[in-house]
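Contents: one structure, followed by commentary.
In the UniProt record's numbering, the protein residues as written are 1 to 341.
Written out as structure tokens, the structure reads:
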């Protein structure tokens, strides 16, 4: 067995352009996943660049959901056709259910995520992106508050007017937060709206609905808009990867949360989306182009772009995307350039 492994290793070393290039010089032979790990963390233990994960991942055919990794699993190095790859052996700490002699099933909710969910869950709970301004303009709205109230809160009754779906019984209550346009072309990209509560339909007469306020983080007012509830839970099955379009270029539109400078685990909006080849898990490099004044000529000169960080998209829309900063060597800013890593 030792001779086989040694022979494979020597073959790799003697083969030009062998696939070990993505691996770190000091990578471990194996790693046991612990609770709190992210796929970005694990990839970084083995690889120089976490977005090379799809290039070296080898699915284990003997386990169910081989694309998912759970706490207690062993991620380890194997050789496939003489090339180094990473694969996983299922551990016993993730409530594994034995189905047969080879295939095992583990609850999907226990799988580790690509990014730290705690950094984005609170944001996803209160914010939503809509891609057309008409969606809000055409949405049902609060017509009146019960008992002649000016505002309403949890437990109150409200009346709403508009076109309601016969199947929807729960609606979110929203207000416009901010419209976004492309900084270069001026094209409308989408609107960020703020969730301020949820209501349940009690009765519907023609186009007027009587509703019960299930929860409210702010006072609900006449004119607030209602949208059908959507699944805002983040999928955990995507992984870090570089966009197929190597010539892609965009910029950071905004940072979520009202901070002036952007750092690790901040949520940002970018002006790249599905139409540009972006998908959940896409990693983009962040570049900064500084300007200096030439003291000899008094001219303002643009310095060559400097790579200052990386972000990963976790929710992609047609024209823009939500992303999280994964690496930053200095404070980042809106307007910083994005390119393929």
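Ideal Cβ placement from N, Cα and C applies to all residues, glycine included.
In the DSSP assignment, find the beta strand (DSSP E) that holds residue i and state where it starts and stops.
| i | result |
| --- | --- |
| residue 287 | 283-288 |
| residue 186 | No beta strand (DSSP E) holds residue 186; DSSP gives it neither H nor E. |
| residue 307 | 306-316 |
| residue 242 | Premise fails: residue 242 is in no beta strand (DSSP E) and is neither H nor E. |
| residue 328 | 321-328 |
| residue 274 | Where residue 274 is concerned, there is no enclosing beta strand (DSSP E), given that its DSSP letter is neither H nor E. |
| residue 254 | 249-255 |
| residue 334 | Looking at the DSSP string, residue 334 is not in any beta strand (DSSP E), and its letter there is neither H nor E. |
Does the distance from the C-beta atom of residue i to that of residue j stay below 8 Å?
| i | j | result |
| --- | --- | --- |
| residue 332 | residue 325 | yes |
| residue 140 | residue 118 | no |
| residue 47 | residue 22 | yes |
| residue 193 | residue 136 | yes |
| residue 250 | residue 274 | no |
| residue 56 | residue 74 | no |
| residue 121 | residue 70 | no |
| residue 40 | residue 126 | no |
| residue 158 | residue 146 | yes |
| residue 152 | residue 243 | no |
| residue 186 | residue 252 | no |
| residue 309 | residue 286 | yes |
Between the options, which has its C-alpha nearest residue i's C-alpha?
| i | options | result |
| --- | --- | --- |
| residue 38 | 239, 279, 328 | 239 |
| residue 300 | 292, 306, 307 | 292 |
| residue 168 | 142, 251, 230 | 230 |
| residue 175 | 226, 296, 111 | 226 |
| residue 72 | 35, 150, 51, 244 | 35 |
| residue 329 | 261, 320, 294 | 261 |
| residue 123 | 336, 133, 268 | 268 |
| residue 83 | 68, 64, 58, 90 | 58 |
| residue 183 | 161, 149, 156, 272 | 272 |
Residue i lies in the alpha helix (DSSP H); which residues open and close that run?
| i | result |
| --- | --- |
| residue 44 | 39-46 |
| residue 54 | 53-56 |
So is the beta-carbon of residue i under 7 Å away from any non-hydrogen atom of the ligand ADP?
| i | result |
| --- | --- |
| residue 210 | Absence of the ligand ADP is noted for the structure shown, with no ligands found whatsoever. |
Practice task
Would you check if the segment 245-264 and the segment 206-219 touch, i.e. whether three or more CB-CB distances between them fall below 8 Å?
Solution key: no
Exercise for the section: Inspect the CB distances between the segment 312-319 and the segment 272-282 and report whether three or more fall short of 8 Å. Expected result: yes
Practice task
Evaluate contact between the segment 219-232 and the segment 192-199, counting only Cβ atoms and requiring at least three cross-stretch pairs below 8 Å.
Solution key: Three or more Cβ pairs closer than 8 Å define a contact, and the segment 219-232 meets that threshold against the segment 192-199.
Handout entry: Contiguous beta strand (DSSP E) assignments of at least 3 residues, all confined to the segment 108-144
Key = For the segment 108-144, the full-length beta strand (DSSP E) segments reaching 3 residues or more read 127-130 along the chain.
Handout entry: Whole beta strand (DSSP E) elements within the segment 153-210, 3-residue minimum
Key = 157-161, 170-181, 188-205
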